[in-house]
Amino acid sequence: MNKVHKYLILFVGFLYLNNCSTMNLEDYKNNNPKLVLENFFSGKTVARGVFEDRFGNIKKYFKVDIVGTWNGKTLILEENFVYNDGSKEFRKWTINKDNKNSSYYSGFADGVIGLAKGSTSGNAFNWKYKFKLKVGNKFYKVDFDDWMFLQEENYLINIAQVKKFGVTLGKVILFFEKKS
C-alpha cells in the first residue's frame, strides 16, 4: 500500500470517528423537568457562553439578551449578542411548532441556510442546521448540532458542535437563565 492510500485510509477513519455520536434524544424522554421551548423562551432570557476551538482553547466570550414571544404556533426569539471584543450582533429566530407532533420544531434566522429542524424529548432538545458563520471578513458554511438540556425550571444548558466537512471546528457552550 502506498503512502497516499495510507493517508486516505487514516483521513476517512478520522472523519468516521469524528462523526460518531452516542447521544440519542430518546435517552432523555424520562428526564424532568420537561422542556417545552415556547414555555422556557417566552419573555426575557439571558445567556452567557463561550466558543471553544477543537483544541480546547476558548476563543470568544459573549452575553446574549433574548426576548421571546409566542403566539400559539410561532416562537420569535430576538437575540442581542455582545462579545468580549466589544462587537455586537442581532439575530431573530422564527421557530414553528409542528401541528401534528408537538415535540417537533423547525425554524430559521439570518445566517441559517435552509431550515433548522429538531425535537424535544424529556428535558432535552436537539436540532441541526447549516449556518453561514462570519469569521473576520469571511463567511464559512458550517453545520451546527445543537443540544439543550433544561435544568430546573429557569436554567438551560446548551452545547453545540460546530463542524465543516464533517470535521469538528469547535463547540459553543451556553448557560441560559429565564428572567421573571
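Here the sequence shown stands for residues 588 to 767, where the numbers follow this note's numbering. No residue lacks a Cβ here, since even glycine has one placed at the ideal position from N, Cα and C. Keep in mind that this is a model prediction, so the values were computed, not measured.
Proximal residues to residue i (C-beta, below 7 Å), its chain only, five neighbours per side dropped
i	result
residue 690	706, 707, 708
residue 758	639, 746, 747, 748, 749
Inter-residue spacing [alpha-carbon to alpha-carbon] between residue i and residue j
i	j	result
residue 766	residue 656	14 Å
residue 651	residue 687	32 Å
Outcome for residue i when other beta-carbon atoms lying within 10 angstroms are tallied against a minimum of 16
i	result
residue 700	exposed
residue 769	The structure shown does not extend to residue 769, since the chain is modelled only from 588 to 767, so the question has no answer here.
residue 645	exposed
residue 648	exposed
residue 672	exposed
residue 742	exposed
residue 628	buried
Same chain, Cβ closer than 6 Å to residue i, neighbours up to 5 away in sequence not counted
i	result
residue 547	Because the chain in this structure spans residues 588 to 767, residue 547 falls outside the shown range and cannot be described.
residue 770	Residue coverage of the chain in this structure runs from 588 to 767, which leaves residue 770 outside it and unanswerable.
Whole-angstrom C-beta distance between residue j and residue i, which should lie under 8 Å
i	j	result
residue 682	residue 624	7 Å
Three-state class that DSSP yields for residue i in the structure shown
i	result
residue 740	coil
residue 752	coil
residue 624	helix
residue 614	helix
residue 693	strand
residue 687	coil
residue 641	coil
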